[in-house]
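Right, one structure below, let's go through it.
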Amino acid sequence: MKKKMAVLSAALMIFACNAIPIMADDHASSFADLSDHWAKNSVAIAIAKKYVDGYGDGTFRPENYVSTAEFIKMVVTATKLPVTGNTEGREWYVPYVKAAVDKGIVQEDSVNIDVLNMPISRVEMSKIAVRATDPTLQQKYVNLNNQGAMFTAASKGLIQGLAKGELAPDGSTTRAQSVTIIERILSLNSGEKLETDKLAISNAELAFKRTNLFSMIPVFGGKQYDENMWNPSKLVMETPDGKYKGVIDQIIAIDMANPNDPNWEAAGDISNLKWWVPGTTTANSYIKDYPDSYLIVVKRHVEFSKDPNAYGDMPPFLNFYGIKSPDLSAANKGTLNSIAEVFVIKPGDTSMYIIPKSGFKTNVSVQLDISAPAIPPQKDYGRTIVDILAPKTN
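Residues -24 to -1, 1 to 370 (mature numbering (1 follows the signal peptide of the UniProt record, and there is no 0)) make up the sequence shown, in order.
This is the structure:
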């Protein structure tokens, strides 16, 4: 570590020391460029805690981007990690980076010239933030990928989404935004529960798990049984005879009551889509008339099908179990009271489903299964993807 930090120190001598803020005043109100800024209060708190400063010219520059080195310094200072070494002059950042690496909130292999000198991305900021709030993630053997970091950060409330919950993982972070994130780190570490952005969590979950069912639809949000926990690797169906392989790419939940749901594009034009509950005899109700529902879009494809007589050319099926209608006669009359297939001309011609937000019954658990599109007399192949303890329903 000592050798690496020495090399880093020498390599980054060109890192401009005059870009580093100096203490200008103890009050955010003294900065002219903060008088009407949305982060004025957060900056005032941060200045009082002495982990961020203004500039010598009397400005705070809230919209300036923050480098990775600057963000690390702010986190280390705010969380009161021990710092040893000279923190002045051109090499000011080295002791802070070393402190962050020693604590485990920054991984040593991520410390390089390019990263430290560039504006920190939202995903790198998220990695630091989640490690700073979870000792288990500070262990050297724990790897945190980009999608996992964004999902964890959004789920904890450390980051909020942009428009429609957009995550913008490669987007840069401003000084004002970095102060807000660090205040959330401190709040979470003190035991507070942070406000979360449901759409941001949904987007992050979809990127990380290839579905957003668990964060979007309460009936799927329960405890998963250990023997059948969700894993994206289970979304591949390859038959034991080696003749068929298909993949479920994504399972996307859309809140039909929210016109700003970021995933409407996946559904396309829904104006002519109808629903049908298995076990009923009528299917003439349009889903657009049931906004108090969730639409589920399944994206899937075939990798290969070597025997058309056994499997045809259909993608694998996704099956839902454990959600049922309490009254099929009511469903026959147009009451959506169970998960239902969505179709254009006849059931099965789309890979979409609709489920109402209330009014259905469940078994003890709900399951998602994947199966190959076997054509009789070909043997069926299927397995459970996830098994979830269902909430109580009235």
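Just so you know, even glycine gets a beta-carbon here, dropped at the ideal spot from N, CA and C.
Here the structure is a predicted model, which is why all the values come from computation and not from measurement.
Alpha carbon to alpha carbon, how far is phenylalanine 184 from alanine 54? Give it in angstroms, no decimals.
Whole-angstrom Cα-Cα distance: 29 Å.
Look at isoleucine 224 and leucine 294 and say whether their C-beta atoms are less than 8 Å apart.
Against a cut-off of 8 Å, the Cβ pair of leucine 294 and isoleucine 224 comes out as a contact.
How far does the alpha helix (DSSP H) with threonine 156 in it extend, from its first residue to its last?
Here the alpha helix (DSSP H) through threonine 156 covers 151 to 165.
Buried or exposed for asparagine 188, going by 16 or more other Cβ atoms inside 10 Å?
It counts as buried.
Anticipated Cβ contact below 8 Å, proline 267 with alanine 233, distance rounded
Indeed they touch by this definition, with Cβ atoms about 5 Å apart.
State the beta-bridge partners of histidine 277 as determined by DSSP.
Answer is Val223, bridged to histidine 277.
Do alanine 105 and tyrosine 69 have their beta-carbon atoms positioned less than 8 Å apart in this structure?
No. Outside cutoff.
Would you check if the distance between the CB atom of valine 362 and the CB atom of tryptophan 251 is smaller than 8 Å?
No, Cβ-Cβ distance for valine 362 and tryptophan 251 is not below 8 Å.
Under DSSP, the alpha helix (DSSP H) around glycine 124 begins and ends at which residues?
Where glycine 124 is concerned, the enclosing alpha helix (DSSP H) starts and stops at 122 to 132.
By the DSSP assignment, the beta strand (DSSP E) with arginine 66 in it spans what residues?
If you look at arginine 66, you'll find it isn't in any beta strand (DSSP E); DSSP assigns it neither H nor E.
Might you give, ordered along the chain, the residues of its own chain that have their beta carbon closer than 8 Å to the beta carbon of glycine 137, omitting 5 neighbours on each side?
If we look at glycine 137 and ignore the five residues flanking it on each side, its Cβ neighbours are Ala130, Leu143, Asp173, Leu175, Ala176, Asn179.
Am I right that glutamate 67 and valine 77 are in contact with their C-beta atoms under 8 Å? What's the rounded C-beta distance?
In this structure glutamate 67 does not touch valine 77 by the C-beta definition: roughly 16 Å separates them, more than the 8 Å allowed.
Among Arg98, Met101, Arg107, whose alpha-carbon lies nearest the alpha-carbon of glycine 80?
Residue nearest to glycine 80 within the set Arg98, Met101, Arg107 is Arg107 (criterion: CA-CA distance).
Distance between glycine 32 and valine 73 (C-alpha atoms, nearest Å)
Taking the straight line from one Cα to the other gives about 24 Å.
Flag this pair as touching only if the region 143 to 163 and the region 194 to 211 have three or more C-beta atom pairs under 8 Å; answer yes or no.
Put simply, the region 143 to 163 does not touch the region 194 to 211. Fewer than three CB pairs are less than 8 Å apart.
Mind reading off the beta-carbon distance from phenylalanine 280 to lysine 355? Whole number of angstroms is fine, and I expect it under 8 Å.
About 18 Å separates the two Cβ atoms, so there is no contact after all.
Limits of the alpha helix (DSSP H) - the one that isoleucine 177 falls within:
Where isoleucine 177 is concerned, the enclosing alpha helix (DSSP H) stretches over 174 to 185.
For the ligand MG, is there any heavy atom lying closer than 7 Å to the beta carbon of serine 43?
No copy of the ligand MG appears in this structure; indeed no ligand is present at all.
Mind checking glutamine 115: buried by the 16 CB within 10 Å criterion, or exposed?
Exposed is the call here.
Alanine 229, DSSP secondary structure in three states
In the three-state reduction of the DSSP assignment, alanine 229 falls in the strand class.
With DSSP run on the structure shown, which of helix, strand or coil describes phenylalanine 7?
In this structure, DSSP gives phenylalanine 7 a state outside helix and strand, which the three-state scheme calls coil.
Nearest candidate by alpha-carbon position, reference serine 43, set Asn17, Ser148, Lys140:
Nearest C-alpha to serine 43: Ser148.
Residue from Phe319, Ala306, Lys322, Ile346 with nearest C-alpha to phenylalanine 336:
Among Phe319, Ala306, Lys322, Ile346, the Cα nearest to that of phenylalanine 336 belongs to Ala306.
Please identify the residue among Phe319, Tyr329, Asn122, Met328 whose C-alpha is closest to the C-alpha of residue 386.
The shown model of the chain, from -24 to 370, leaves out residue 386, and the question about it has no answer.
Rank Ser334, Pro352, Lys300 by C-alpha distance to the C-alpha of glutamine 343 and give the top, closest one.
Nearest option by C-alpha distance: Lys300.
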